[in-house]
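J.: These protein sequence lines are chains Z and U, in that order.
Using the numbering used here, you'd call the opening residue of the first sequence number -6 and step up by one each time.
Using the numbering used here, you'd call the opening residue of the second sequence number 336 and step up by one each time.
Glycine included, each C-beta is placed from N, C-alpha and C at the ideal position.
The structure displayed is predicted, hence computed values, not measured ones.
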Amino acid sequence: DAGITQSPRYKITETGRQVTLMCHQTWSHSYMFWYRQDLGHGLRLIYYSAAADITDKGEVPDGYVVSRSKTENFPLTLESATRSQTSVYFCASSATGGAGEKLFFGSGTQLSVL
Amino acid sequence: KQEVTQIPAALSVPEGENLVLNCSFTDSAIYNLQWFRQDPGKGLTSLLLIQSSQREQTSGRLNASLDKSSGRSTLYIAASQPGDSATYLCAGRGGTYKYIFGTGTRLKVLA
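1. Any idea which residues DSSP pairs residue 27(Z) with across the strands?
2. With DSSP as the reference, identify every bridge partner of residue 391(U), one or two as the case may be.
3. Helix, strand or coil: which one does DSSP assign to residue 427(U)?
4. The region 30 to 47 of chain Z: which residues have C-beta closer than 8 Å to a C-beta of chain U, in chain order?
5. Just to confirm the assignment, what range does the beta strand (DSSP E) spanning residue 344(U) have?
6. Sort 62(Z), 76(Z), 19(Z) by Cα distance to residue 12(Z) and report the nearest one.
7. Measuring alpha carbon to alpha carbon, tell me which of 107(Z), 102(Z), 106(Z) ends up nearest residue 2(Z).
8. With residue 88(Z) and residue 8(Z) assumed to form a contact (beta carbons below 8 Å), what rounded beta-carbon distance in angstroms separates them?
9. So what's residue 375(U) in DSSP terms, helix, strand or just coil?
10. Would you say residue 346(U) and residue 412(U) are within 8 Å of each other, going by their C-beta atoms?
11. Whose CA, out of 45(Z), 82(Z), 27(Z), 78(Z), lies closest to the CA of residue 51(Z)?
12. Does the ligand PLP have a heavy atom nearer than 7 Å to the CB of residue 48(Z)?
13. Going by CA-CA distance only, name the one from 370(U), 356(U), 338(U) that's closest to residue 34(Z).
14. Which residues, taken in chain order from the region 397 to 418 of chain U, show a beta carbon closer than 8 Å to some beta carbon of chain Z?
15. Where do the N-terminal and C-terminal ends of the beta strand (DSSP E) with residue 360(U) fall, by residue?
16. Of the residues 377(U), 427(U), 372(U), which one's Cα is nearest the Cα of residue 397(U)?
17. Just confirm the distance between the C-beta atoms of residue 406(U) and residue 359(U), as a whole number of angstroms; I'd bet it's less than 8 Å.
18. Is any beta-carbon of chain U found at less than 8 Å from that of residue 4(Z)?
19. Let me check one thing: in DSSP terms, what residues is residue 0(Z) bridge-paired to?
20. Residue 409(U) lies in the beta strand (DSSP E); which residues open and close that run?
21. Considering just the uninterrupted stretch of the beta strand (DSSP E) at residue 103(Z), what are its terminal residues?
22. Select from 23(Z), 37(Z), 99(Z), 107(Z) the residue whose C-alpha is nearest the C-alpha of residue 47(Z).
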């Protein structure tokens, strides 16, 4: 099915463990984004990517690593999870410029770090 | 650093009422702006995108405007319905593709 999908939908992990959240889009959009959503903070940008092999930091990048070897995939890795990284994570994608810049979001991954 | 404020944080209105949601930016150098809807436990859905050369966009009962000089955007919802109940978020970007989001307005339309 066309669209943007995130996996897993829910994840529980322990502090110190490495966790990878997956994001896949089928539109061949150039841009992909990772946001986290927390009560009182709204959505905050973690990392974004303009194309394969091009990534840049957002507002809250510390503790996260991203890669983009293929246009359609943009995984987010928490190298050593901390309780403060408990959040809902959203992946998004968009085409480049103009009316195509509309952001499309996945359904989110709810991550709990115990 | 760009900051986005949405007022009010929550709003409850009777069905049929016209309403306005507000969004303001600390840095008025906004290039593009989008309004989104988020239902509980779901992702965000883009409602309207206002490009840098535009001042407003309309879709059905929704109208969004952008005043760059004042760093403000409004979302107007006409003849509100219970199905409009959701959280509405605005997001803007400057010269880069970093969209910065407001914290949203939680809308409840009473039948």
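T.: So, from the data block:
1. As a position in the first sequence, residue 27(Z) is number 34, starting the count at 1. DSSP, once it has assigned bridges, lists 40(Z), 84(Z) as partnering residue 27(Z).
2. Position 56 of the second sequence, counted from the first residue, corresponds to residue 391(U). Partner(s): 400(U).
3. Here the question's residue 427(U) lines up with position 92 in the second sequence. Strand at residue 427(U).
4. 33, 34, 35, 36, 37, 38, 41, 43
5. Counted from its first residue, the second sequence places residue 344(U) at position 9. That residue, residue 344(U), is in no beta strand (DSSP E); it is neither H nor E in DSSP.
6. The sequence position of residue 12(Z) within the first sequence is 19, counting from 1. Here the closest residue by C-alpha is 76(Z).
7. Walking along the first sequence from the start, residue 2(Z) turns up at place 9. Selected option, being the one with the closest Cα: 102(Z).
8. Against the first sequence, residue 88(Z) aligns to sequence position 95. Against the first sequence, residue 8(Z) aligns to sequence position 15. Not a contact, Cβ separation roughly 38 Å.
9. Counted from its first residue, the second sequence places residue 375(U) at position 40. It is coil, neither helix nor strand.
10. On the second sequence, position 11 is the one that residue 346(U) refers to. On the second sequence, position 77 is the one that residue 412(U) refers to. No, the pair does not count as a contact, with Cβ atoms beyond the cut-off.
11. For this step, residue 51(Z) is matched to residue 58 along the first sequence. Per the Cα distances, 27(Z).
12. Among the components of this structure there are no ligands whatsoever, and the ligand PLP is therefore not found.
13. Looking up residue 34(Z) in the first sequence gives position 41. Selected option, being the one with the closest Cα: 338(U).
14. none
15. For this step, residue 360(U) is matched to residue 25 along the second sequence. Counting along the chain, the beta strand (DSSP E) containing residue 360(U) begins and ends at 354 to 360.
16. Within the second sequence, numbered from 1, the residue matching residue 397(U) stands at position 62. Nearest of 377(U), 427(U), 372(U) to residue 397(U), Cα basis: 372(U).
17. Within the second sequence, numbered from 1, the residue matching residue 406(U) stands at position 71. Within the second sequence, numbered from 1, the residue matching residue 359(U) stands at position 24. Indeed they touch by this definition, with Cβ atoms about 6 Å apart.
18. Residue 4(Z) sits at position 11 when you count from the first residue of the first sequence. For residue 4(Z), the answer is no, since every Cβ of chain U falls outside 8 Å of its Cβ.
19. Taking the first residue of the first sequence as position 1, residue 0(Z) is located at position 7. For residue 0(Z), which the question treats as bridged, DSSP gives the partners 15(Z).
20. Looking up residue 409(U) in the second sequence gives position 74. 407 to 412 is the extent of the beta strand (DSSP E) around residue 409(U).
21. What you label residue 103(Z) is simply residue 110 of the first sequence in a count that begins at 1. Where residue 103(Z) is concerned, the enclosing beta strand (DSSP E) stretches over 102 to 106.
22. Numbered from 1 along the first sequence, position 54 holds the residue referred to as residue 47(Z). It is 23(Z).
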